[in-house]
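Protein chains: 2
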Amino acid sequence: MPASEDQKAVAELLWGLRKPPSRGPRPAFDIAQIADTAVKVADAEGLEAVSMQRVAAELGFTKMALYRYVNDKAELIAVMIEAAVGPAPDLSGVCGWRAKLEEYARQLSAAWRLRPWLPSITAGDRVMGPRETGWPESALSALADTPLTERERLDAIMLVSNHIRATHAAATPGTQTWTAGNAAPIMRDLLLLNADRFPLLATTQAAPSATTIQEFGLHAILDGVEHAITQRTPKQ
Amino acid sequence: MPASEDQKAVAELLWGLRKPPSRGPRPAFDIAQIADTAVKVADAEGLEAVSMQRVAAELGFTKMALYRYVNDKAELIAVMIEAAVGPAPDLSGVCGWRAKLEEYARQLSAAWRLRPWLPSITAGDRVMGPRETGWPESALSALADTPLTERERLDAIMLVSNHIRATHAAATPGTQTWTAGNAAPIMRDLLLLNADRFPLLATTQAAPSATTIQEFGLHAILDGVEHAITQRTPKQ
DNA sequence: GGATAACTGTGTCTATAGGACACTGTGTAT
DNA sequence: ATACACAGTGTCCTATAGACACAGTTATCC
Chain H
11 MPASEDQKAV AELLWGLRKP PSRGPRPAFD IAQIADTAVK VADAEGLEAV
61 SMQRVAAELG FTKMALYRYV NDKAELIAVM IEAAVGPAPD LSGVCGWRAK
111 LEEYARQLSA AWRLRPWLPS ITAGDRVMGP RETGWPESAL SALADTPLTE
161 RERLDAIMLV SNHIRATHAA ATPGTQTWTA GNAAPIMRDL LLLNADRFPL
211 LATTQAAPSA TTIQEFGLHA ILDGVEHAIT QRTPKQ
Chain Z
11 MPASEDQKAV AELLWGLRKP PSRGPRPAFD IAQIADTAVK VADAEGLEAV
61 SMQRVAAELG FTKMALYRYV NDKAELIAVM IEAAVGPAPD LSGVCGWRAK
111 LEEYARQLSA AWRLRPWLPS ITAGDRVMGP RETGWPESAL SALADTPLTE
161 RERLDAIMLV SNHIRATHAA ATPGTQTWTA GNAAPIMRDL LLLNADRFPL
211 LATTQAAPSA TTIQEFGLHA ILDGVEHAIT QRTPKQ
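Just so you know, the sequences run in chain order H and Z.
When we follow our numbering, the leftmost residue of the first sequence carries the number 11, and every step to the right adds one.
When we follow our numbering, the leftmost residue of the second sequence carries the number 11, and every step to the right adds one.
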């Protein structure tokens with residue numbers, strides 16, 4: 011019943027802590043194959059196409075067979091994520107915290123551009139797998155030599171990844187009004203019709219590209235972090 | 011078929027552009043009642059409890075009766091959002107763009123704290139209703155006297171609202187590893203067990219409170235925006 | 001070397017979701 | 001008065017996640 015029990019189960023699954031069975035017939039496949047298949051479906055037809063039946067059918071088995079490997083769909087999603095995230099970026103070759111963080115942001119953005127269904131499901135309270143955990147670890151390495159506190163470092167890297175996530179949501183399904191989605195032209199018409207009530211929005215020109223949003227926001231965030239760093243640095 | 015058709019229909023619904031019927035029996039209720047009922051259900055039992063059947067039953071009618079008022083569930087959600095967002099904040103009493111934006115962030119955060127199901131569904135490509143549109147309009151007013159370009163202003167207010175959204179996601183369902191959710195203690199154990207692979211994360215102490223995250227991030231963002239503003243300001 | 005217990009995949013069943021569609025009744029405009 | 005446009009209802013369909021009993025398979029124990 012308690013959600014933490016489920017998440018403990020997810021943790022065991024993701025970190026390879028489940029005891030392999032000693033007796034009984036050979037499993038026809040393993041979790042990695044299931045995860046890869048599900049990822050393939052999501053890549054091809056989107057996350058909403060991923061159902062137990064669909065993944066099972068893709069493997070040539072019945073839906074219920076999957077439940078021998080996975081307790082519920084949440085676990086399927088969890089192993090999907092772990093299989094879909096690429097290896098964490100190595101920032102050791104980049105000089106300076108700012109360039110490192112920027113490089114991290116670009117790699118994260120590139121990874122999510124390849125799999126547009128990832129950013130949305132990786133938000134929220136979750137247990138991460140070892141591969142995925144490598145990403146925040148990598149991001150933290152960017153700030154290792156700064157005078158920021160541990161807490162501030164975590165906040166800073168969350169700021170960056172949340173920004174990338176939000177801008178991706180704005181780009182693919184879109185987010186607010188002014189981004190380039192299906193809703194954008196409709197909203198523009200509505201704003202022009204009601205220009206008296208929304209003068210500022212109505213006079214604002216057309217939507218910027220997603221990359222522009224990312225750039226301004228990323229620079230602003232990094233400027234803000236830099237401000238915090240210089241504040242913490244003792245004046246000499 | 012095309013998604014933009016659906017969104018055009020949503021726009022007509024939200025902005026009151028649907029012609030009232032001339033002939034036929036009186037409707038037993040109106041869209042506002044439906045929206046309020048759905049909001050009440052979401053407030054009491056969460057968004058996942060909101061189904062056509064549930065809302066209809068709450069009103070004492072059958073599920074299919076709702077489809078006379080709403081084309082599909084997406085439209086129900088749309089009117090729910092419009093009914094649930096409060097009036098946009100009036101920032102005219104606050105002095106200075108920074109204080110205004112900060113006040114805006116606090117009001118947005120307070121509004122979303124009252125309705126934890128709102129931030130998640132208000133992300134993504136959407137047509138907004140007139141009440142909700144008042145919010146970005148209000149946010150833009152904070153930056154009206156700054157030398158930022160229109161585009162930069164939009165980027166800036168998106169930065170703020172996305173940050174609030176992300177931190178709320180971190181607080182209620184939680185988000186990454188280190189936030190205060192069900193998954194956090196489990197992740198901590200895993201990190202300590204694998205401290206050799208994740209030295210930076212493993213040595214990091216316990217999760218900060220959600221408000222702390224908001225504060226650091228908000229200040230960083232505002233510092234970044236301030237940096238952009240002072241850059242654009244001609245030196246005198 | 002058999003019995004046993006653990007395990008596999010399958011078939012059947014339930015609950016719940018969104019939604020299509022035909023039907024009966026009602027109110028207004030012609 | 002009549003016809004039309006609308007209202008709510010009941011029935012039906014498809015798809016979802018999941019519970020559970022069942023038959024076949026395999027390693028371990030006596």
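Note that the Cβ used here is the ideal one computed from N, Cα and C, for glycine as well.
Interface flag, residue i vs chain H, CB-CB below 8 Å
i        : result
Z:His173 : yes
Z:Ala13  : yes
Z:Ser151 : yes
Z:Glu68  : no
Z:Pro146 : yes
Z:Asp135 : yes
Z:Leu57  : no
Z:Ala93  : no
Z:Ala48  : no
Z:Ala179 : yes
Given residue i as reference, the closest of the options once Cα atoms are compared
i        : options                                : result
H:Thr208 : Z:Glu55, Z:Pro140, Z:Leu201            : As written in the sequence, residue 208 of chain H is Phe, which differs from the Thr given in the question. For the residues Z:Glu55, Z:Pro140, Z:Leu201, the minimum Cα distance to H:Phe208 belongs to Z:Pro140.
Z:Glu236 : Z:Tyr114, Z:Ala67, Z:Thr177, Z:Ala109  : Z:Ala109
H:Gly106 : H:Leu169, H:Glu15, H:Ala154, H:Thr243  : H:Ala154
H:Glu22  : H:Arg33, H:Ala88, H:Ala52              : H:Ala88
Z:Arg36  : Z:Arg163, Z:Arg78, Z:Glu85             : Z:Arg78
H:Thr156 : H:Thr240, H:Met74, H:Arg198, H:Ala176  : H:Thr240
Z:Leu202 : H:Thr143, H:Pro195, H:Asn192, H:Leu200 : H:Thr143
Z:Asp199 : H:Ser102, H:Val137, H:Lys29, H:Ser32   : H:Val137
Z:Leu118 : Z:Ala84, Z:Val170, Z:Ala205, Z:Thr72   : Z:Val170
Z:Leu128 : Z:Arg163, Z:Asn172, Z:Thr159           : Z:Asn172
Z:Glu15  : H:Thr214, H:Ile91, H:Pro146, H:Asn192  : H:Asn192
H:Asp100 : H:Trp145, H:Arg125, H:Pro31, H:Ala67   : H:Trp145
Z:Ile44  : Z:Ile231, Z:Gln63, Z:Glu112, Z:Met168  : Z:Gln63
Z:Asn204 : H:Gly227, H:Ser32, H:Glu147, H:Arg242  : H:Glu147
Z:Leu279 : Z:Ile131, Z:Ala42, Z:Glu112            : No statement about residue 279 of chain Z is possible, as the shown extent of chain Z runs from 11 to 246 and does not include it.
H:Val49  : H:Ala93, H:Arg33, H:Glu85              : H:Ala93
Z:Leu210 : H:Ala67, H:Ile167, H:Ala19, H:Val60    : H:Ile167
H:Gly227 : Z:Leu232, Z:Phe226, Z:Gly34, Z:Glu225  : Z:Leu232
H:Ile131 : H:Asp165, H:Ala52, H:Asn81             : H:Ala52
H:Met197 : Z:Leu57, Z:Arg33, Z:Asp135, Z:Ala75    : Z:Asp135
Coarse secondary structure for residue i, derived from DSSP in three states
i        : result
Z:Thr240 : helix
H:Lys29  : coil
Z:Met138 : coil
Z:Asp199 : helix
Z:Ala38  : coil
H:Thr72  : coil
H:Pro126 : coil
Z:Pro209 : helix
Z:Tyr79  : coil
Z:Gly106 : coil
H:Thr159 : coil
H:Leu164 : helix
H:Leu153 : coil
Z:Ser61  : coil
H:Val95  : coil
Z:Gly56  : coil
H:Asn192 : coil
H:Ala133 : coil
Within chain H, partners of residue i - CB distance below 7 Å
i        : result
Z:Trp25  : Leu200
Z:Pro126 : Within chain H, no residue comes near Z:Pro126; the closest Cβ sits about 12 Å away, beyond 7 Å.
Partners in chain Z for residue i, counting only beta-carbon separations shorter than 9 Å
i        : result
H:Val235 : Ala230, Asp233, Gly234
H:Lys18  : Ile196
H:Thr214 : Leu150, Glu160, Arg161, Arg163, Leu164
H:Thr143 : Thr187, Met197, Leu200, Leu201, Asn204, Arg207, Phe208, Leu211
H:Ala21  : Ala193, Ile196, Met197, Asp199, Leu200
Closer than 9 Å at the beta carbon, the chain H residues around residue i
i        : result
Z:Gly227 : Asp165, Ala166, Met168, Leu169, Asn172, Ile231, Gly234
Z:Ala121 : Residues of chain H passing the Cβ test: none, with the nearest at roughly 16 Å.
Within chain Z, partners of residue i - CB distance below 7 Å
i        : result
H:Ala88  : By Cβ distance, chain Z contributes nothing, its closest Cβ being about 11 Å from H:Ala88, past 7 Å.
H:Ala109 : Under the 7 Å cutoff, chain Z gives no residues; its nearest Cβ is about 17 Å from H:Ala109.
H:Ala254 : Because chain H spans 11 through 246 in this model, residue 254 of chain H falls outside it and cannot be assessed.
Closer than 8 Å to chain Z by CB, residue i
i        : result
H:Ala238 : yes
H:Ala176 : yes
Proximal chain Z residues relative to residue i, where beta-carbon distance stays under 8 Å
i        : result
H:Ala154 : Leu210
Proximity test, residue i beta-carbon vs the ligand COA heavy atom, cut-off 7 Å
i       : result
Z:Asp53 : What this structure holds is no ligand at all, so the ligand COA is not there to describe.
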